[in-house]
Amino acid sequence: MKQYLTCIMLVMTIVSYAQKGSVLSYEDYLNNVLQNSPLAKRAENEQQYGALQYKAARGNYDPVISSDYNEKQFNGSHYFTNLQVEVKQPLFTSQYLRFGYDYGAGSYLNPELNTPSNGLSYLGLEVALLQGLLIDKRRAEVLKSKEYQQYYKAEKQAQINVLLLEASQHYFEWLFSIKQISLYTYFMGAADQRLAGIKELTNIGEKAAMDTIEAAIFFQARLLDMQNARIENQKSINAISFYNWQNNGLSFESEILEPADSLEVYYNKLKFLVSEGINQNGGTNPVLLKYQSFQRVLEIENRLKKEMIKPYVSIKYNFILNNSYSLNPVLSGKDYKVGLQISFPLFLRNPVNEYRMSRIHAENNAFELLNKTNELNVKMTVLKQTLALLNDQLKNAERSVLYSKLLVEAEKLKFDAGESSLFLLNTRENKWLESELKLSEYKLKYIKTALNLIYLAGTLEYAI
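Going by numbering that gives the first Met the number 0, the residue at position 104 of the sequence shown is 103; the numbering climbs one at a time, nothing skipped.
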């Protein structure tokens, strides 16, 4: 008797343990994941990285100031002094605005660097006529970085999508383990009551001692089932603590948790959402958005490689300003400096083959996008078919639970009337418990399948 009282106290301790825990609803759990999980913060950094990359690319159009100063004195002679200062402003259309100042003097200065005593100022323009006119490396970097912003935004969504799916699955596995404990608690209590009743009947000689032993063995089996369920419950609690972080950077691993609703409540909610249509296609899946953004990046790169096949022709024209130190320097068309630079590879093997490689790269990404789109659509179709089949299985499982319960109740009446055996009653009860567990397993499977459907849709709408 002392052993059985200890077992009953264990059950009461389990119930009181659950009642004293902090309530953790599914919505609060998801909020903790999104706001405090290190994995969520890492995903947020992906989008910030894309924004910084775009700013860095735009920084290539910042004006640049440069200077070059050289002076030589030897054996008491002033050989030369040369100063060149220039501000260069890149334009988006592959041109440069240039403003500079040159000063040169000395006995041994290169004659072309000689200037008046107050130096020369100039205002000029540098223009690419063929290669770089339609697109150049600097412009391509800006255009690609704009697309990479979308790419990294999709990468963030993809990481969050995986995180929420895994976190949600662990949460509902935790609810399933609580449902198991609830079932085993009920059936262990029934076995304990039956054992106590049979012991009393054995004491007055109405039941054989073998019945007491059989009832005790059955109770011990229920106790072992309960202990195994407690182990699984602790595993599920440890699993959700990996995702359930506080705002101070620590997980709730020491918290005693209690769910706000049961597995059945969330099953019914998801069943309603599925009937309304979660999302009928996977076009918003962030994985596809990544492929699409990267495809646009590759197309820009392809344009750049094609542009590199053209000859490089650059014209520089500087208007030289007279009276540089006056308030109104004179801009004269007679005073100028012009330069022309032309280069062209004779065999074009490098630019042509790089262009061909970029085309292949873009084609391969397009093929991968097509394959991934088809893969997601097929998976969504399979999941929808699975949900339809699970609906039928759940209906059958609910009927099995109902029939098993009716059989147990009928068998109890026969057992109380002395028309049935303890073995047969235990067998009926085992079937009822198996039916209840199987029904809960189907509900968990239905929830997980619906979550996978949300994952493939890519909407991140996991809140139920």
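Cβ atoms here follow ideal geometry from the backbone N, Cα and C, with glycine treated the same way.
Along the chain, where does the beta strand (DSSP E) containing SER66 start, and where does it finish? 63 to 73
Considering SER167, what are the terminal residues of the alpha helix (DSSP H) in which it resides? 136 to 202
Applying the 10 Å Cβ sphere with the 16-neighbour rule, what's the burial state of GLY196? exposed
Less than 9 Å between the C-beta atoms of LEU164 and ASN451, yes or no? yes
Between LEU297 and the rest of its own chain, which residues show a CB-CB distance below 6 Å, the 5 nearest in sequence each way excluded? HIS360, ALA361 and ASN364
Count the CB pairs spanning the stretch 140 to 152 and the stretch 440 to 448 that are closer than 8 Å, and state whether there are at least three. no
Whether or not the stretch 117 to 136 and the stretch 291 to 310 are in contact is what I'm after, with contact meaning three or more pairs of Cβ atoms, one per stretch, closer than 8 Å; do they touch? yes
Identify every residue that forms a DSSP beta bridge with LEU23. PRO258
Where does GLN46 sit, in a helix, a strand or coil, going by DSSP? helix
For LEU438, which residues in the same chain have their Cβ closer than 8 Å to its Cβ, ignoring the five residues on either side in sequence? LEU393, ALA396, GLU397, SER399 and VAL400
Beta-carbon contacts of ASN31 that lie in its chain and below 7 Å, excluding the five residues immediately before and after: ASN243 and TRP244
Let's test the definition: count the other Cβ atoms within 10 Å of the Cβ of GLN130 and tell me whether it reaches 16, buried, or not, exposed. buried
Taking only the alpha-carbon atoms, compute the straight-line gap between LEU256 and TYR266 and give it to the nearest angstrom. 20 Å
DSSP three-state call for LYS130: helix, strand or coil? First, the residue type needs correcting, since residue 130 is Gln and not Lys in the sequence shown. Here GLN130 sits in coil by DSSP.
Apart from the five residues just before and just after LYS268, which ones in its own chain have a Cβ nearer than 8 Å to its Cβ? ILE463
Look at the Cβ atom of ASN246, then the Cβ atom of GLN34, and state whether they are nearer than 9 Å. yes
Helix, strand or coil: which one does DSSP assign to GLY123? strand
Under 7 Å Cβ to Cβ from ARG57, same chain only, skipping five residues before and after it: list those, please. VAL141
How many angstroms separate the CA atom of SER65 from the CA atom of LEU122? 15 Å
Collapsed DSSP secondary structure at ASN321 in the structure displayed: strand
Starting from ASN81, trace the beta strand (DSSP E) in both directions and tell me its first and last residue. 76 to 89
If you follow the beta strand (DSSP E) that TYR354 is part of, which residue opens it and which one closes it? Counting along the chain, TYR354 falls outside any beta strand (DSSP E), though it belongs to the alpha helix (DSSP H) covering 348 to 415.
Measure from the alpha carbon of ALA104 to the alpha carbon of each residue in ARG348, PRO115 and SER434, then state which is nearest. PRO115
Between which residues of its own chain and LEU96 is the CB-CB distance below 7 Å, once the five residues before and five after are set aside? GLN88, LEU90 and LEU124
Exposure label - PRO258; buried when at least 16 CB within 10 Å: buried
Pairwise C-alpha distance: SER167 and TYR461: 8 Å
Using a Cβ-Cβ cutoff of less than 8 Å, which residues in the same chain neighbour ALA127 once the five nearest sequence positions on both sides are dropped? SER93, GLN94, ASP135, TYR311, VAL312 and SER313
Chain-order list of residues whose beta-carbon lies under 6 Å from that of GLU45 (same chain, five-residue window excluded): TYR151, GLU154 and LYS155
Distance between beta carbons of HIS169 and ILE472, contact taken as under 8 Å: No information on residue 472 is available, as it lies outside the stretch 0 to 463 that the chain covers here.
Please list, in chain order, all residues of the same chain as ASN113 whose beta carbon is under 8 Å from its beta carbon, the five residues on each side excluded. GLY103 and ALA104
When DSSP labels each residue in this structure, what does TYR265 get in the three-state scheme? helix
Short of 8 Å in beta carbon distance, which residues of its chain neighbour VAL286, apart from the five on each side in sequence? Order them along the chain. ALA153, ALA157, LYS371, LEU375 and GLY457
List the whole-angstrom C-beta distance separating LYS442 from LEU262, where the pair is believed to meet the contact cut-off of C-beta under 8 Å. 6 Å
Taking the straight line between their C-alpha atoms, what separation do you get for ARG193 and GLU26? 41 Å
Would you report the Cα separation of LYS54 and LYS289, rounded to the nearest angstrom? 20 Å
In this structure, does DSSP put ASN245 in helix, strand or coil? It should be noted that the sequence gives Gln, not Asn, for residue 245. Three-state DSSP puts GLN245 in coil, outside helix and strand.
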